[in-house]
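Participant: Sharing a structure, written as structure tokens. Questions coming.
Protein chains: 2
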Amino acid sequence: MFEPPTLKDIATALGLSTSTVSRALRDTYEISAKTKKLVLEYAEKINYQPNPNALSLKERRSKSIGVVVSEVANHYFSQAINGIESIAYARGYHVIITQTHESYAREKINIQHLASRSVDGLLVSLSAETNDINHLKELHDRGMPMVFFDRVPEDIHTHKITANNEQGAFEATEHLIKSGCRKIAHLTSSAQLSISIERLRGYKAALNNHNIEVNPDYIKHCPHGGMFPEETEQAVLELLNLKDKPDAIFIAGDRLSIGCLEVLKKLNIKVPEEITLAGFSNSDVLNLFEYPLSSVRQPAFEMGKTATEMLLQLIESKYPVTEFEDKVIDTSLFIRD
Amino acid sequence: MFEPPTLKDIATALGLSTSTVSRALRDTYEISAKTKKLVLEYAEKINYQPNPNALSLKERRSKSIGVVVSEVANHYFSQAINGIESIAYARGYHVIITQTHESYAREKINIQHLASRSVDGLLVSLSAETNDINHLKELHDRGMPMVFFDRVPEDIHTHKITANNEQGAFEATEHLIKSGCRKIAHLTSSAQLSISIERLRGYKAALNNHNIEVNPDYIKHCPHGGMFPEETEQAVLELLNLKDKPDAIFIAGDRLSIGCLEVLKKLNIKVPEEITLAGFSNSDVLNLFEYPLSSVRQPAFEMGKTATEMLLQLIESKYPVTEFEDKVIDTSLFIRD
DNA sequence: CTGAAAGCGCTAACAC
DNA sequence: GTGTTAGCGCTTTCAG
Chain H
140 MFEPPTLKDI ATALGLSTST VSRALRDTYE ISAKTKKLVL EYAEKINYQP
190 NPNALSLKER RSKSIGVVVS EVANHYFSQA INGIESIAYA RGYHVIITQT
240 HESYAREKIN IQHLASRSVD GLLVSLSAET NDINHLKELH DRGMPMVFFD
290 RVPEDIHTHK ITANNEQGAF EATEHLIKSG CRKIAHLTSS AQLSISIERL
340 RGYKAALNNH NIEVNPDYIK HCPHGGMFPE ETEQAVLELL NLKDKPDAIF
390 IAGDRLSIGC LEVLKKLNIK VPEEITLAGF SNSDVLNLFE YPLSSVRQPA
440 FEMGKTATEM LLQLIESKYP VTEFEDKVID TSLFIRD
Chain V
140 MFEPPTLKDI ATALGLSTST VSRALRDTYE ISAKTKKLVL EYAEKINYQP
190 NPNALSLKER RSKSIGVVVS EVANHYFSQA INGIESIAYA RGYHVIITQT
240 HESYAREKIN IQHLASRSVD GLLVSLSAET NDINHLKELH DRGMPMVFFD
290 RVPEDIHTHK ITANNEQGAF EATEHLIKSG CRKIAHLTSS AQLSISIERL
340 RGYKAALNNH NIEVNPDYIK HCPHGGMFPE ETEQAVLELL NLKDKPDAIF
390 IAGDRLSIGC LEVLKKLNIK VPEEITLAGF SNSDVLNLFE YPLSSVRQPA
440 FEMGKTATEM LLQLIESKYP VTEFEDKVID TSLFIRD
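Protein chains in written order, with my numbering: chain H, 140 to 476; chain V, 140 to 476.
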């Protein structure tokens, strides 16, 4: 059994009261230098650490924040998490990471878990399956500080931080057009996700701008964001089996890009000779790929940092915050031919 | 301010005592069906959740386990984490993930953070920098349940779970030999890491087995496991600049493999024509790479699961455990030419 | 069957 | 300057 020393242990060992010890440790002014020294040295010696649960109970905050993402294996999220940690650690907060694996049920459970009083605030990116956000709304209404990033809900009024998805999608699609493609398909995640909506909008805008008609057959949604390979495979096959086969695909996500590349490779379809690709991806190994995939990169680290700063501001604010920011950060397009 | 309802809130609202409410909620036998129903319905209505900090304080356990890995972006670790979560969630435990980024200082801080009483046990994979394990030893001596996986220390007596690194390294190296290579280099992580030692041993054994002399110039250590690209680049360049240039490299880790491939690509050195590669990697995109990289895959998910089962057994054991297991799981070699 | 009270480890009035 | 005490939210004797 792991039984760390407590204030009382120090107090009895030193013949003092717990409050004196507590004050000495926290360096209150009204404590004699001698006692302070005595206590500090003894605490150091036995490696005393205050019990965080007792502290949380008392102070009514845990100095920890919860993070909800779909998958840490996704490079966008692992980079964002690094950004989150960089700020949180510097400000003395713990970071508790949970994954939804794009499941709405899992998301509800994780949020539930993190709530109660075990975290002081939440950084959330919605799962692909989520289209009912009542579990979040309720928690938010009851006062849980919350900041959304990347995949954000419409009707919760709080800070949100997103990449400029529309602009990124526009640039990627336009790049395909400028490369000579005209029959550009769009492979994307579930339809209700904010990122899907915005990227679709950018895609359509680029086509419109170049007087290319939007072909509904060219737009394929994967409700689980490519979590299941079959899902992606089927979508890609449907595109390839169209009588008027696309000459390019603009892909809205990392996992989808990988799934798509795998299908093309399996079918031995040459990229970019037979089909050209561009996609949203924060992977750091794209340039090692056999097939070129131009990619829209999101400033993941920076987004994580900013989201965390915003959250800590909410958490530590003395007064209820009513002005919320909707921060949009630019993406950058990396071209590979 | 987020102020969730407490037992007392329910009690006063219903004109009962807190102890009655507590019992009703936990379905004790000595409570009238009527009261129970009343309480349960009200609790449901206001979405009551017990305060986990109060619970932890009382029960002297938090129902959460801490995980220490170097990087969640590493596929081996993200898969292991999925295995860890699968068991932990099923048994009602939280999982708190922390990253060391291969830094010893960060590892110490994370362990410190997780300790005290905020987690019931620890799943640890050492950082590349770590060669002093006193921070862990001390904690372990004071009774913190601990299970090591992947990168394990020598002299802490507890459950350990590793891949059969020596065997995996042997097979990979032998594969290179059978492909006709004779001048096989070894690019690996920091020298004190258990995985480095074991993989080096397998590498040497394979060479010996085929009567190839071990050339010390062919063995390059990267103290930070490829965390810094310059480190890997320098090591690879040193290998390539040898007068007797190697015709193959056996690479001991994921990040190192990527770093190495990037250097080769930059220098326009053809794989496998000019040099053949094999490495430890759990990446799921290797077959999309331009250059073939045969890989030793570790059963990461299974390792995470097993480690968690072992840890929960330690945590929940009524009596001090003195028999410890040293579980070694086989790897598998995936060949790409 | 239900209530009162103690205690988990800590801090913060309030004594003295 | 230091000790005493109450209380954070919960469970658990112990009374009744």
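Note that CB positions come from ideal geometry on N, CA and C, so glycine has one too.
1) With a threshold of 7 Å between beta carbons, is V:M283 in contact with chain H?
2) Could you pull the start and end residues of the beta strand (DSSP E) that H:M283 belongs to?
3) Does the Cβ of H:Q251 have 16 or more other Cβ atoms within 10 Å, making it buried, or fewer, making it exposed?
4) Would you report the Cα separation of V:L253 and V:L326, rounded to the nearest angstrom?
5) With DSSP run on the structure shown, which of helix, strand or coil describes H:G319?
6) Assign V:R199 to one of three DSSP states: helix, strand, or coil.
7) Could you list the residues in the stretch 245-266 of chain H with a C-beta less than 7 Å from some C-beta on chain V, going in chain order?
8) Just the Cα atoms here: how many angstroms apart are V:L196 and V:L261?
9) Could you check whether the stretch 163-180 of chain V touches the stretch 200-211 of chain V, counting it as contact only if at least three pairs of C-beta atoms, one from each stretch, sit closer than 8 Å?
10) When the Cα of V:P191 is compared with those of V:S257, V:V178, V:R162, which residue comes out closest?
11) Would you say V:F288 faces chain H, with C-beta separation under 7 Å as the test?
12) Would you mind telling me which residues of chain V sit closer than 7 Å to H:Q331, beta carbon to beta carbon, in chain order?
13) With three or more beta-carbon pairs closer than 8 Å as the criterion, would you say the stretch 422-441 of chain H touches the stretch 209-228 of chain H?
14) Thinking just about the alpha-carbon of each residue, which of V:K359, V:E180, V:D166, V:S422 is nearest to the one in H:A212?
15) Please classify V:I474: is it buried, with 16 or more other beta-carbons within 10 angstroms of its beta-carbon, or exposed?
16) In its own chain, which residues sit with a C-beta less than 6 Å from the C-beta of V:Q331, not counting the 5 before and 5 after it?
17) Can you tell me whether V:H298 is helix, strand or coil according to DSSP?
18) Could you tell me how far apart the beta carbons of H:K359 and H:L378 are, in whole angstroms, since I believe they sit closer than 8 Å?
19) Helix, strand or coil for V:S266, going by three-state DSSP, please let me know.
20) Does the stretch 276-286 of chain H come into contact with the stretch 225-237 of chain H, if we say contact requires no fewer than three beta-carbon pairs (one atom in each stretch) closer than 8 Å?
21) Using a threshold of 7 Å, state whether the C-beta atoms of H:R338 and H:N304 are closer than that.
22) At the level of alpha carbons, what is the spacing between V:Q238 and H:H233?
23) Spell out whether any CB of chain V is found under 7 Å from the CB atom of H:S434.
24) Using a beta-carbon distance cut-off of less than 9 Å, what residues from the stretch 388-414 of chain V approach chain H?
25) By how many angstroms is the C-alpha of V:L153 removed from the C-alpha of H:E293?
26) Looking at H:A311: is its Cβ nearer than 7 Å to the Cβ of H:A417?
27) Mapping DSSP to helix, strand and coil, what is V:V178?
28) Go to V:R436, then tell me how far its beta strand (DSSP E) extends in each direction, as first and last residue.
29) Given that V:S233 touches chain H, what residues does it touch there, using C-beta distances under 7 Å?
30) Which residue comes first and which comes last in the beta strand (DSSP E) that contains H:H233?
31) Excluding five sequence neighbours on each side, which residues of the same chain lie with their C-beta closer than 6 Å to the C-beta of H:D469?
32) Rounded to whole angstroms, what's the CA-CA distance from H:Y112 to H:L275? Just pull it up for me.
33) Where do the ends of the beta strand (DSSP E) carrying H:H360 lie?
34) Between the beta-carbon of H:I300 and the beta-carbon of H:A446, is there less than 7 Å?
Facilitator: A quick look at the data gives this:
1) Within the second sequence, the letter at position 144 stands for residue 283 of chain V. It does; some Cβ of chain H falls within 7 Å.
2) Within the first sequence, numbered from 1, the residue matching residue 283 of chain H stands at position 144. Premise fails: H:M283 is in no beta strand (DSSP E) and is neither H nor E.
3) For the purposes of this step, residue 251 of chain H is identified with residue 112 of the first sequence, where counting begins at 1. Looking at its Cβ environment, which holds fewer than 16 other Cβ atoms inside 10 Å, H:Q251 is exposed.
4) Reading the second sequence from its first residue, position 114 is the one you call residue 253 of chain V. Reading the second sequence from its first residue, position 187 is the one you call residue 326 of chain V. Separation of V:L253 and V:L326 (C-alpha to C-alpha, rounded to the nearest whole angstrom) is 33 Å.
5) Counting from one through the first sequence, the residue named residue 319 of chain H turns up at place 180. Looking at H:G319 - three-state DSSP - the assignment turns out to be coil, as it is neither helix nor strand.
6) Here residue 199 of chain V corresponds to residue number 60 of the second sequence, with the count starting at 1. It is coil, neither helix nor strand.
7) H252, A254, S255, R256, S257
8) Walking along the second sequence from the start, residue 196 of chain V turns up at place 57. Walking along the second sequence from the start, residue 261 of chain V turns up at place 122. For V:L196 and V:L261, the distance between alpha carbons rounds to 19 Å.
9) no
10) Reading the second sequence from its first residue, position 52 is the one you call residue 191 of chain V. Closest by C-alpha distance to V:P191, out of V:S257, V:V178, V:R162, is V:S257.
11) For this step, residue 288 of chain V is matched to residue 149 along the second sequence. No, V:F288 does not count as interfacial toward chain H.
12) Here residue 331 of chain H refers to the residue found at position 192 of the first sequence. None at all; the shortest Cβ gap to chain V is about 25 Å.
13) yes
14) Translated into the one-based positions of the first sequence, residue 212 of chain H becomes position 73. Among V:K359, V:E180, V:D166, V:S422, the Cα nearest to that of H:A212 belongs to V:S422.
15) For the purposes of this step, residue 474 of chain V is taken as residue 335 along the second sequence, with counting starting at 1. The residue is exposed, with fewer than 16 neighbouring Cβ atoms inside 10 Å.
16) In the second sequence, residue 331 of chain V corresponds to position 192, counting from 1. Closer than 6 Å at Cβ, skipping near neighbours: N270.
17) Indexing the second sequence from 1 puts residue 298 of chain V at position 159. In this structure, V:H298 counts as coil in the three-state DSSP scheme.
18) Residue numbering aside, residue 359 of chain H sits at position 220 when the first sequence is read from its first letter. Residue numbering aside, residue 378 of chain H sits at position 239 when the first sequence is read from its first letter. Rounded, the Cβ-Cβ distance is 6 Å, consistent with contact.
19) Here residue 266 of chain V corresponds to residue number 127 of the second sequence, with the count starting at 1. In the three-state DSSP reduction, V:S266 falls in the coil class, being neither helix nor strand.
20) no
21) In the first sequence, counting from the first residue as 1, residue 338 of chain H sits at position 199. In the first sequence, counting from the first residue as 1, residue 304 of chain H sits at position 165. Result yes, Cβ atoms of H:R338 and H:N304 sit closer than 7 Å.
22) As a working note, residue 238 of chain V is residue 99 in the second sequence. As a working note, residue 233 of chain H is residue 94 in the first sequence. Roughly 12 Å between the two C-alpha positions.
23) For the purposes of this step, residue 434 of chain H is taken as the residue at position 295 of the first sequence. No, because no Cβ of chain V sits closer than 7 Å to the Cβ of H:S434.
24) I397, L400, E401, K404
25) For this step, residue 293 of chain H is matched to residue 154 along the first sequence. For this step, residue 153 of chain V is matched to residue 14 along the second sequence. Whole-angstrom Cα-Cα distance: 37 Å.
26) Stepping through the first sequence from its first residue, residue 311 of chain H is reached at position 172. Stepping through the first sequence from its first residue, residue 417 of chain H is reached at position 278. Going by C-beta atoms, H:A311 is nearer than 7 Å to H:A417.
27) Looking up residue 178 of chain V in the second sequence gives position 39. When DSSP states are grouped into helix, strand and coil, V:V178 belongs to the helix group.
28) Position 297 of the second sequence holds residue 436 of chain V. Where V:R436 is concerned, the enclosing beta strand (DSSP E) stretches over 433-436.
29) Position 94 of the second sequence, counted from the start, is the residue given in the question as residue 233 of chain V. At residue 233 of chain V the sequence reads His, which differs from the Ser that was named. Going along chain H in sequence order, the residues near V:H233 (Cβ under 7 Å) are H252.
30) One-based indexing of the first sequence puts residue 233 of chain H at position 94. Element bounds for H:H233: 233-238.
31) Counting from one through the first sequence, the residue named residue 469 of chain H turns up at place 330. Answer for H:D469: N303, listed in chain order.
32) Residue 112 of chain H cannot be examined here, being either before or after the span of chain H that is shown, 140 to 476.
33) Looking up residue 360 of chain H in the first sequence gives position 221. In this chain, the beta strand (DSSP E) harbouring H:H360 covers 358-360.
34) Numbered from its first residue, the first sequence carries residue 300 of chain H at position 161. Numbered from its first residue, the first sequence carries residue 446 of chain H at position 307. With respect to H:A446, H:I300 sits close: the two C-beta atoms are nearer than 7 Å.
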